[in-house]
Amino acid sequence: MAPRVPSGGIPVPVGAGTRITTVWYPAADPAQSRGVTTTTSSATAAPPRAALTPLGLFTLLLGAALPMIDFFVVNVVLPTIEHDLDAPPATLEMVVAGYAVAYAVLLVLGGRLGDTFGRRRLFLWGVAGFGLTSLACGLAPGAWWLVAARVAQGAASALLLPQVLATIHATTSGERRARAVALYGSVGGVSIVLGQVLGGALVAADLAGTGWRAVFLVNVPVAVAGLGCALRSVPDSRAERPARADLAGTALLAAALCALLLPLTEGRAAGWPLWSVLLLCAAPLCALAFHRVERRAERTAGSPLLPPSLPASPEVRRGLLLGLPVFVGFAGWMFVTAVTLQQGLGYGALRAGLALVPMGVAQFGASMLAPRAVARFGGRAVALAAVAHIAGLATMAATALLGPWPHLSPLALAPGLALCGIGQGLELPLYFRFLLAAIPDRLAGTGSGLAATLQQSCLAVGVATLGSLFLSLVPGAGMRGALAVVLAVQAAGLLGLMVLGLRLPGKDDVRLIS
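Note that the UniProt record's numbering numbers the sequence shown so that position 58 is 58, with each residue one more than the last.
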């Protein structure tokens, strides 16, 4: 309900640059109407928001798509990299894990740097760095050169991605923000599908004999075009009071995430050696030390990298909780589906990517409807998304168990994939919308980095847990049976999401989540 200033609530001068304003919130019962009095100072008032133009939004979304596409496109070309560079399996794992860990570890720092030095500047640096590191990947003469370039590429992505959500948060509001966040959510899902299709197509085309290198080299002209558009159209924003560096917090957060993500991404392939177990045991200790350092910095008016009061907020915790089953389940599902399509059903890389197109199209369409779903159902749109997603998983399981395995066509898989896409298309923008609504503008970059860090960490956890479960079941239950079990586990997690969604504010309280 929009506030209004009634007669008698006109701003009254109190002192130099200070005023008192009474804002009235009328209710259906006049006796329940209430007034809220606020005091503001023109001397410290925030400057007006710079407008985010359609070209600026397109450029930001293009920047967001680059790291997401690259996160998944490499999975398609690993066999050709192995053959061309004579890379052992452990090194191939590092090609994937090096990018993922550097990406996740530096996301919060990337958001903090944007808050301090300007999000437009960090976005430009991130796009330029992504283009240069993509060139280094494409020209890699050996496997370990490629690993190093992928780590650098992950670092560039961590500079780039937090600025997208933070800029949207700082330069839009109301319905414009809702539409922008919905588009951001759709970019995530479509980029994953596009990464699979693009990787298969480029390897199959073998442009000028480049083979797998084309999946990296194609990023260079896209990055150059993105830089040109960003210089013209992306507005600048930053925190009103730039924070000092938090070296201890940065180091401890990096240690905690490395201790968690390295074993999860490398441990299974290496047979869970002792170092992986020790790192997993050290992860909670590093996280506890990080929390104590940040809490002390906030209590003593320091500059914590991630203020404990931010995730301690009930609204922020609720938003983060929404993301756990979504991202863990999605990462595991993508891994299991990729293995099932190519090894279980005998699809080639290109055909496997094209089989996912119905999911991508449905996800894009559903994400565009997310703002309407919130307006109609409020926060309970989350429960609706979970129901659609569970229906898709059930359809996929029924198709696998009752269909002519292993001769299932992409057309037979399309209904289940489309339903999954509808659920995911609603879940992703709702997660970002609810979380951003709870984050103050001054912490937009830090909050966006936190949101993306949770996303990337859950992706690693999803592959490690659901992927390991799937691979352990295949020898005894077969790929079809293992697929059905993993789909059932993911559906159970989404049941929890549905219950959480039913507890969120309804449409009558939509102002609480706008």
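We treat Cβ as the ideally placed atom computed from N, Cα and C, and that holds for glycine.
key: Span separating the alpha-carbon of Trp405 from that of Pro415   = 17 Å
query = What three-state label does DSSP hand His291 in the structure shown?
reply = helix
message = Let's see if you can read the secondary structure: which residues bound the alpha helix (DSSP H) around Ala69?
response = First, the residue type needs correcting, since residue 69 is Ile and not Ala in the sequence shown. Its alpha helix (DSSP H) spans residues Pro54 to Leu85.
key: Assigned secondary structure, Asp246 (DSSP; H/G/I helix, E/B strand, else coil)   = coil
Meets three-Cβ-pair contact criterion under 8 Å: the stretch 418-429 and the stretch 380-389 = yes
request  = Give the C-beta separation of Met368 and Ala65 to the nearest angstrom, bearing in mind that I take them to be a contact with Cβ-Cβ under 8 Å.
outcome  = In fact, because the Cβ distance is near 16 Å, the residues do not count as touching under 8 Å.
ask   = For Trp145, which of helix, strand or coil comes out of DSSP?
value = helix
inquiry  = If distances are taken between C-alpha atoms only, which option among Gly111, Met359 and Leu466 comes closest to Leu487?
reply    = Leu466
key: Option nearest Thr80 by Cα separation, candidates Leu61, Gln153 and Thr210   = Thr210
task = Go to Pro311, then tell me how far its alpha helix (DSSP H) extends in each direction, as first and last residue.
result = Ser309 to Ala312
query = Is the number of C-beta pairs between the stretch 391-399 and the stretch 481-501 that are closer than 8 Å three or more?
reply = yes
request  = For my contact list, Thr91 and Val151 are in at a C-beta cut-off of 8 Å; report their separation, rounded to the angstrom.
outcome  = The pair is not a contact, with the Cβ atoms about 13 Å apart (cut-off 8 Å).
inquiry  = Could you check whether the Cβ of Leu413 sits closer than 8 Å to any Cβ belonging to chain D?
reply    = The structure shown contains no chain D, having only a single protein chain.
query = Would DSSP call Leu306 helix, strand or coil?
reply = coil
task = Using only alpha-carbon positions, find the residue among Ala254, Leu207 and Gly174 that is nearest to Gly138.
result = Leu207
request  = Below 8 Å CB to CB, which residues in the same chain sit around Leu495 once its five sequence neighbours on both sides are set aside?
outcome  = Ala386 and Ile390
ask   = Starting from Ile422 and walking both ways along the alpha helix (DSSP H), at which residues does that stretch end?
value = Pro410 to Ala437
key: Secondary structure, alpha helix (DSSP H): runs of 4+ residues fully inside the stretch 113-188   = 119-138 and 143-171
ask   = Where does Trp275 land, buried or exposed, given buried means 16+ other C-beta within 10 angstroms?
value = exposed
task = Rounded to whole angstroms, what's the CA-CA distance from Ala381 to Pro307? Just pull it up for me.
result = 30 Å
inquiry  = Please state the DSSP three-state secondary structure of Ser233.
reply    = helix
Contact under 8 Å by Cβ, residue 548 with Leu122 = Coverage of the chain is limited to positions 1 through 514, which leaves residue 548 absent and any answer about it impossible.
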